[in-house]
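A.B. asks: Numbering (the working numbering), first residue to last: 101 to 602. The structure that follows is given in the form of structure tokens.
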Ligand code: PHE
């Protein structure tokens with residue numbers, strides 16, 4: 101029998117009694133693992149060897165996991181420090197414990213939430229008390245981490261490993277191990293003698309110039325062989341979701357709005373009947389920009405908006421009777437919502453005066469001075485939209501959302517009555533997270549008030565909303581932390597591999 105050289109090397113290295121893995125054979129033949137795999141499949145097809153496959157998992161410590169092996173889990177550090185400060189007898193102030201435990205930045209939150217979860221003690225009214233019977237030294241999570249650091253398989257429950265994975269302290273990598281054994285036919289073939297047939301796996305300039313290519317035998321392609329993984333470019337999950345949202349809304353008859361990210365407070369807030377002393381308009385919540393004010397606001401509209409704020413709108417309207425200052429309206433900030441665009445369009449300022457019926461949307465960035473957490477970013481995308489028509493009702497609003505979210509496979513939207521200064525009635529929308537089962541807020545909506553529409557000169561009804569694109573992406577991909585999706589902590593593996601289900 102004649103076999104290509106590589107197949108012969110693999111056949112020689114395989115044994116009839118011992119299973120040998122691809123890696124072992126690669127080491128003993130000096131061939132690359134993927135070459136061995138390719139040859140093994142050919143030999144299997146020829147009936148000369150058997151290939152057994154086992155799927156297994158290796159667990160690796162992440163960088164953060166490794167850190168906690170050398171310096172203890174944050175919750176254990178919190179425990180020991182609090183214990184030392186006497187928190188077993190009497191609660192000790194949280195800031196004292198945190199300072200002494202040398203916990204900084206995100207470690208503080210990590211320590212506090214896991215401390216309580218593991219029953220190490222309690223945190224109440226800013227003070228920490230510890231449970232003297234708890235023993236962080238026999239914590240299964242810490243034990244699993246140190247076993248991994250020593251290169252041992254952790255002797256831990258699946259639930260403990262799941263928890264460590266959720267905490268980002270370990271990575272589980274699944275792979276298939278293939279082991280080879282000689283079949284009877286393989287043994288017979290070797291006993292009868294197998295010769296190496298030289299085959300060539302690539303055309304080289306030498307083969308071409310010498311003309312030898314005409315005589316050599318080429319190795320056959322094996323499309324089943326394992327090949328090195330090539331990571332190609334891919335559309336970002338969020339961009340993919342945004343594009344799909346645009347397609348869906350265009351399919352529902354909407355047109356796209358455009359407008360500035362940095363805008364006059366007039367468009368961002370005043371037009372929306374947001375009083376100038378509203379808490380959301382303080383420097384705590386908005387990103388004010390140190391640039392010249394936008395002075396060319398449409399004067400007539402400014403007058404009408406000011407009058408709505410001061411005296412109200414309509415016969416029995418009542419305003420806020422609070423200060424209203426044109427300078428504040430002209431000041432520039434990063435928009436905290438894209439409802440500024442809706443105001444520009446509804447007022448006719450962005451283009452032509454609009455006659456009902458109309459439908460508009462945007463999928464654009466907004467900026468808020470929030471605290472970063474698993475569901476909040478400082479910059480995120482809002483799916484803004486509105487419908488202008490005669491006689492709209494809450495049923496129209498709900499039906500529109502149901503139709504929209506159904507396109508993404510989300511059928512169980514829930515509505516909660518809400519308050520916005522600019523809509524009445526108003527609703528928050530909630531959707532159920534496919535992994536955690538938790539209901540997360542995915543949007544805010546309502547019918548614009550007369551105090552908003554009157555000054556803009558709109559005489560029919562307008563229903564409107566702002567939905568969170570990232571939250572929609574969390575529902576469609578199962579991502580549990582918005583920071584996995586974008587920002588500096590984005591999880592590259594997730595972005596490479598996430599399936600977007602719609
Ligand atoms: N501007 C609101 C928000 O950012 C969303 C919204 C838009 C609500 C239009 C009602 C009407 O949450």
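All C-beta atoms, glycine included, are put in the ideal place defined by N, C-alpha and C.
#1: Which residues, in chain order, sit with a beta-carbon under 6 Å away from any heavy atom of the ligand PHE?
#2: For residue 387, I'd like the list of residues in its chain whose CB is within less than 7 Å of its CB, leaving aside the five on either flank, ordered along the chain.
#3: So what does DSSP say about residue 206, is it helix, strand or coil?
#4: Check for me: the alpha helix (DSSP H) holding residue 122 runs from which residue to which?
#5: So, helix, strand or coil for residue 576, using DSSP?
#6: May I ask which residues mark the beginning and end of the alpha helix (DSSP H) holding residue 597?
#7: Between which residues of its own chain and residue 521 is the CB-CB distance below 6 Å, once the five residues before and five after are set aside?
#8: Under 8 Å: do the stretch 558 to 575 and the stretch 442 to 462 share three or more Cβ pairs, one atom per stretch?
#9: Within 10 angstroms of its Cβ, does residue 239 collect 16 or more other Cβ (buried), or is it exposed?
#10: Whether or not the stretch 239 to 255 and the stretch 160 to 176 are in contact is what I'm after, with contact meaning three or more pairs of Cβ atoms, one per stretch, closer than 8 Å; do they touch?
#11: Using the three-state DSSP reduction, which class does residue 510 fall into: helix, strand or coil?
#12: Would you mind reading off the limits of the alpha helix (DSSP H) that contains residue 168?
#13: Near residue 473, which residues of its chain fall below 7 Å by C-beta distance, leaving aside the five closest residues on each side in sequence?
#14: Take every Cβ of the stretch 541 to 549, pair it with every Cβ of the stretch 561 to 577, and state whether three or more of those distances are shorter than 8 Å.
#15: Starting from the C-beta of residue 583, find all residues in its chain whose C-beta is less than 8 Å away, skip the five residues before and the five after it, and write them out in chain order.
#16: Relative to the C-alpha of residue 117, which candidate in 227, 137, 279 has its C-alpha closest?
#17: Nearest-angstrom Cα distance between residue 519 and residue 548?
#18: Identify every residue that forms a DSSP beta bridge with residue 379.
#19: Which residue comes first and which comes last in the alpha helix (DSSP H) that contains residue 346?
#20: Can we say the stretch 302 to 319 touches the stretch 124 to 137, given the rule of at least three CB pairs closer than 8 Å?
#21: By DSSP, does residue 561 sit in helix, in strand, or in coil?
#22: What runs of the beta strand (DSSP E), each 3 residues or longer, lie entirely inside the stretch 422 to 447?
#23: Relative to the C-alpha of residue 290, which candidate in 563, 592, 107 has its C-alpha closest?
#24: Exposed or buried, which one is residue 361 when buried takes at least 16 other CB atoms within 10 Å?
#25: CB residue 393 to CB residue 431, shorter than 8 Å?
#26: Out of curiosity, what's the CA-to-CA distance linking residue 256 and residue 235?
#27: Between residue 349 and residue 461, which are expected to be in contact by the criterion C-beta below 8 Å, what is the C-beta distance as a whole number of angstroms?
#28: Decide if residue 484 is buried, meaning its Cβ has at least 16 other Cβ atoms within 10 Å, or exposed.
#29: What does the Cβ neighbour count give for residue 526, buried or exposed, with the cut at 16 atoms within 10 Å?
#30: Over what stretch of residues does the alpha helix (DSSP H) that includes residue 289 continue unbroken?
#31: Suppose contacts are defined by Cβ-Cβ distances below 8 Å. Is residue 507 in contact with residue 488 by that definition?
#32: Report the rounded CA-to-CA distance for residue 365 versus residue 509, giving the unit in angstroms.
#33: Report buried or exposed for residue 447, applying the criterion of at least 16 other Cβ atoms within 10 angstroms of its Cβ.
#34: Can you tell me whether residue 252 is buried or exposed? The criterion is at least 16 other CB atoms within 10 Å of its CB, across all chains shown.
C.D. replies: From the atom records:
#1: 437, 439, 520, 523, 544, 545, 546, 564, 565, 566
#2: Along the chain shown, read from residue 1 onward, the residue named residue 387 stands at position 287. Answer for residue 387: 433, 434, 467, 469, listed in chain order.
#3: Stepping through the chain shown from its first residue, residue 206 is reached at position 106. Three-state result, residue 206: helix.
#4: What you label residue 122 is simply residue 22 of the chain shown in a count that begins at 1. First-last of the alpha helix (DSSP H) with residue 122: 122 to 129.
#5: Start at 1 with the first residue of the chain shown, and residue 576 comes out as number 476. Residue state for residue 576 is assigned as helix, using DSSP reduced to three classes.
#6: Taking the chain shown and counting its residues from 1, the one referred to as residue 597 is at position 497. Its alpha helix (DSSP H) spans residues 592 to 597.
#7: Taking the first residue of the chain shown as position 1, residue 521 is located at position 421. These residues qualify, in order along the chain: 373, 374.
#8: yes
#9: Looking up residue 239 in the chain shown gives position 139. Answer is buried; the Cβ neighbour count reaches 16.
#10: yes
#11: By one-based count along the chain shown, residue 510 stands at place 410. Residue 510: coil per DSSP, three-state reduction.
#12: The sequence position of residue 168 within the chain shown is 68, counting from 1. Its alpha helix (DSSP H) spans residues 163 to 171.
#13: The residue labelled residue 473 in the question sits at position 373 within the chain shown. Correct list: empty, nothing qualifies.
#14: Output reads yes: the stretch 561 to 577 touches the stretch 541 to 549.
#15: Residue mapping note: residue 583 aligns to position 483 of the chain shown, counting from 1. Excluding positions up to five away in sequence, the list reads 472, 474, 477, 589, 590.
#16: To locate residue 117, count along the chain shown from 1; it is residue 17. Of the candidates 227, 137, 279, the one whose C-alpha sits nearest the C-alpha of residue 117 is 279.
#17: Against the chain shown, residue 519 aligns to sequence position 419. Against the chain shown, residue 548 aligns to sequence position 448. Going by the C-alpha atoms only, they are around 12 Å apart.
#18: Within the chain shown, the letter at position 279 stands for residue 379. DSSP output for residue 379 lists no bridge partner at all.
#19: By 1-based counting over the chain shown, the position of residue 346 is 246. Looking at the DSSP string, the run of the alpha helix (DSSP H) that includes residue 346 is 337 to 351.
#20: no
#21: Taking the first residue of the chain shown as position 1, residue 561 is located at position 461. Per DSSP, reduced to three states, the secondary structure at residue 561 is strand.
#22: Counting only runs of 3 or more, we get 432 to 434.
#23: Sequence index remark: in the chain shown, residue 290 carries index 190 (1-based). In terms of CA proximity to residue 290, 107 leads the group 563, 592, 107.
#24: Residue 361 sits at position 261 when you count from the first residue of the chain shown. Looking at its Cβ environment, which holds fewer than 16 other Cβ atoms inside 10 Å, residue 361 is exposed.
#25: Your numbering for residue 393 matches position 293 in the chain shown. Your numbering for residue 431 matches position 331 in the chain shown. It is a contact, given that the beta carbons lie within the stated cut-off.
#26: The count along the chain shown starts at 1 and reaches residue 256 at position 156. The count along the chain shown starts at 1 and reaches residue 235 at position 135. Whole-angstrom Cα-Cα distance: 17 Å.
#27: Start at 1 with the first residue of the chain shown, and residue 349 comes out as number 249. Start at 1 with the first residue of the chain shown, and residue 461 comes out as number 361. So it is a contact: roughly 5 Å between Cβ atoms.
#28: Position 384 of the chain shown holds residue 484. Around the beta carbon of residue 484, 16 or more other beta carbons sit within 10 angstroms, so the residue counts as buried.
#29: Here the question's residue 526 lines up with position 426 in the chain shown. It counts as buried.
#30: Taking the chain shown and counting its residues from 1, one reaches residue 289 at position 189. That run of the alpha helix (DSSP H) goes 284 to 292.
#31: Translated into positions along the chain shown, residue 507 becomes position 407. Translated into positions along the chain shown, residue 488 becomes position 388. No, they are not a contact pair.
#32: Looking up residue 365 in the chain shown gives position 265. Looking up residue 509 in the chain shown gives position 409. The alpha-carbon atoms of residue 365 and residue 509 are separated by roughly 37 Å.
#33: To locate residue 447, count along the chain shown from 1; it is residue 347. Buried: at least 16 other Cβ atoms inside 10 Å.
#34: Translated into positions along the chain shown, residue 252 becomes position 152. With fewer than 16 Cβ atoms within 10 Å of its Cβ, residue 252 is classed as exposed.
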